[in-house]
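Residue numbers (the numbering used here): 53 to 236. Backbone N, C-alpha and C fix where the C-beta goes; we use that ideal spot for every residue, glycine too. Report on one structure; see the data block that follows.
Here it is, written out as structure tokens:
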């Protein structure tokens, strides 16, 4: 997605002993916006520490995280097909929020933004949910779906950032990069 807006980047892949999924633990009574901002900040802290540990040249570091919420209920990544089907059953026929936080560390300065979009699903039959889950696409996805994937035929309305729903809100990212003094 960064290539789409002309941003040159290098991946700062995890070390073998790192587990970013462990950073995504939800705290009791945590609001969805606080959750996604906190997780993004933790991922950014881990990435900047990784940059230093590897003695790499100083460079801006960008991280993001996305979650799906219905009211105050946070829908993370499903653990299995049963969990995916349960999430989709709860999201079918209603409008929910997709929250994507993005943060950039540039030297000692940190820049953060939050994108909130709304997605409306058609009502889905048990068979439609079962068939979608059987594709494997819901696994590893917040809310058990990929907006750019097969579930798109069940989305009746989107309000907000399509790229944010995909996982990286490009407008907000561009604004942060500019605020950090980077040219895009």
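Residues near residue i by beta carbon distance below 6 Å, same chain, minus five either side
i, result
"residue 208", "172, 174"
"residue 122", "148"
"residue 197", "190, 203"
"residue 201", "189"
Of the residues the options, the one placed nearest residue i, counting alpha carbons only
i, options, result
"residue 112", "80, 163, 90", "163"
"residue 72", "98, 55, 59, 58", "98"
"residue 219", "194, 69, 81, 184", "194"
Same chain only: Cβ atoms within 7 Å of residue i, ignoring 5 sequence neighbours per side
i, result
"residue 141", "181"
"residue 93", "155"
"residue 116", "92, 152, 153, 154, 219, 220"
Backbone secondary structure at residue i - three-state DSSP
i, result
"residue 183", "helix"
"residue 118", "strand"
"residue 127", "strand"
"residue 196", "helix"
"residue 101", "helix"
"residue 164", "strand"
"residue 205", "helix"
"residue 156", "strand"
"residue 177", "coil"
Separation of residue j from residue i, as counted between CA atoms
i, j, result
"residue 228", "residue 222", "10 Å"
"residue 87", "residue 131", "19 Å"
"residue 225", "residue 186", "33 Å"
"residue 78", "residue 230", "31 Å"
Is the region 168-179 touching the region 200-214, taking contact as three or more C-beta pairs under 8 Å? By the Cβ criterion, the region 168-179 is in contact with the region 200-214, since at least three pairs of Cβ atoms, one from each stretch, lie closer than 8 Å.
Are at least three pairs of beta-carbons, each pair with one atom in the region 97-104 and one in the region 136-155, less than 8 Å apart? The region 97-104 makes no contact with the region 136-155; the number of CB pairs closer than 8 Å stays below 3.
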